[in-house]
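All residue numbers for the sequence shown refer to this note's numbering, where the first residue is 920 and numbers rise by one.
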Amino acid sequence: MTDARSRYGRASLAFSFLVQGVTFALLVTRIPAIQDRYGISDGLLPVFLAAVPVLAGAGSVATEKVVARVRPGIVLRWAQPVVLLALLGVGAGSEVWQAVLALGLFGLAVGALDASMNMMGVSLQRAYGRSIMLGFHAAYSLGGIAGASMAWAGAHWDLSLLVSYLPAVAVLLPAALIGSRWYAEGRTGGDVLVEGAGQGASVPFRLLLPLCLVMSFAYIGDSTVSNWSAKYLQDVLGSSEQLATVPYNVYMVTTLLGRAVGDLGVRRFGAVAVVRGGSVLAAAGFAVVAVAPGAWWGMFGFTLLGLGLCVIVPQTFAAAGRMFPGASDVAVARLNVFNYVGFLVGSPLVGALGDAWSYRGAMLVPMVLVLATLVYARSFGTVPARYGGGHERARAADVG
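Structure representation (structure tokens):
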């Protein structure tokens, strides 16, 4: 059974996911304001935007090395304040070099933060002996909605970036530090290993590759929605400018709802069935968007996308933990890099195809990639550690 320490650890980690959702949304939804503040040209802006995920990937790789010496909870305890302070630095600066420094620090720290949070989530799921990973990512989605709402208020009232960011950082930074006192991790090991993995073993890339591809495909789909939904609705489906802002909000809300109930689905039907269902639903969403005759059909497609894509990423991290129970921290850190690979590939890919071909046709590419997840769905069902669907393990065996 789970003890009080595990329950407090679960709550404090969920709060860290929420804080990160707020922080990231505050950054990405105010990119036009950041561009104006620092006088960054349209030609130079993609370089800034690409640098953040590249540095985040480097931060994730570095975290793999660091957690060999210190626990992921220590990394998370200090990475989260650095991310928040870097966000504040973005709002406080006035020179381009200051933006470079703040965004560079944000990228490196967010890579360490994402990796360590998911390491701890995988570890706690093992301790609980049932699926809880989607709940952590639901907290992230809730934070993203809150952060986007704060950013909207800042833009609506024409507040400076510093004035917009300072209250959030002033509240969330001390709260995150206090919450970090209750971080807890589950015990490593206790599962039968897949071939090629072992207690304290390395992580063969050939075994991790299917999950890396799925992670990239999911984030290509996600970045397509975040970067192109508004333009698609307005330019292709002829919506008003105001209506064009709705699809991403709908996508975020449906992502939250899907993740809030997703753990129940994994427990009842198993991870493989949930991932397959999510992939089919997301592919159907892209298909609806591609053939939509009008804006409302387009929004329906983006709604399906949110419900489908939302389950894939959390379950990919969870699958890595099950596949390499003796080296789950290493597996999660390496897998996390492909989060940023998908983000880097997705937006330019859709944009280039849209310009060269058509935006309707471009939507079919992430559809096919997401549908390809079906090919790798069996990787989510490592036999000895499948949570849900009658395969839930006795919790006492996990916690000890």
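We treat Cβ as the ideally placed atom computed from N, Cα and C, and that holds for glycine.
Could you compute how far the alpha carbon of M1282 sits from the alpha carbon of S1050? 32 angstroms
Contact between the segment 1094-1102 and the segment 1206-1226 is defined here as three or more beta-carbon pairs at a separation below 8 angstroms; is this criterion met? no
How far does the alpha helix (DSSP H) with V1256 in it reach, from first residue to last? 1247-1275
Between which two residues does the alpha helix (DSSP H) containing E983 stretch? 964-985
Please state whether DSSP places D1030 in a helix, a strand or coil. The residue asked about is misnamed: residue 1030 is Gly in this sequence, not Asp. Reduced to three states, the DSSP call for G1030 is helix.
How far does the alpha helix (DSSP H) with G1220 in it reach, from first residue to last? 1214-1228
As assigned by DSSP and simplified to three states, the class of F1055: helix
Looking only at its chain, what residues have a beta carbon closer than 8 angstroms to the beta carbon of G992, apart from the 5 residues adjacent to it on each side? S1035, M1039, S1099, Y1102, A1103, E1104
Span of the alpha helix (DSSP H) holding R924? 923-947
Using the Cα positions of P907 and I950, report the straight-line distance between them to the nearest angstrom. There is no way to answer for residue 907, as the model of the chain reaches only from 920 to 1319.
Answer with buried or exposed for R929, where buried requires no fewer than 16 other C-beta atoms within 10 angstroms of its C-beta. buried
F1025, buried or exposed, once every other Cβ within 10 Å from all chains shown has been counted against 16: buried
Run the CB neighbour count on R1125, radius 10 Å, all protein chains shown included, and call it buried at 16 or more, exposed below. exposed
State the Cα-Cα distance for the pair F967 and S1247, rounded to the nearest angstrom. 32 angstroms
Quick check: what's the CA-CA separation for G1213 versus L1272? 21 angstroms
Check L1078 in the structure and name its three-state DSSP category. coil
Can the beta-carbon of A1058 be found less than 7 angstroms from the beta-carbon of A944? no
Specify the secondary structure class of G1040 as computed by DSSP and reduced to three states. helix
L1226 to W1215, Cα distance in whole Å? 17 angstroms
Euclidean distance between Cα positions of V1009 and I953: 8 angstroms
Just to confirm before moving on: does the CB-CB distance between A1238 and L1152 stay below 7 angstroms? no
For L1112, the three-state DSSP class (helix, strand or coil): Residue confidence is low: L1112 scores 35 on pLDDT, short of 50, so the model does not pin down where it sits. Its coordinate-derived value is still stated next. In the structure shown, L1112 sits in coil (DSSP, three-state: anything other than H, G, I, E or B).
Given 8 angstroms as the limit, is there contact between the segment 1138-1152 and the segment 1251-1262, that is, 3 or more CB pairs closer than that? yes
Examine the ligand ADP and report whether any of its heavy atoms sits within less than 6 angstroms of the Cβ of V1144. Here there are no bound small molecules, and the ligand ADP is not part of this structure.
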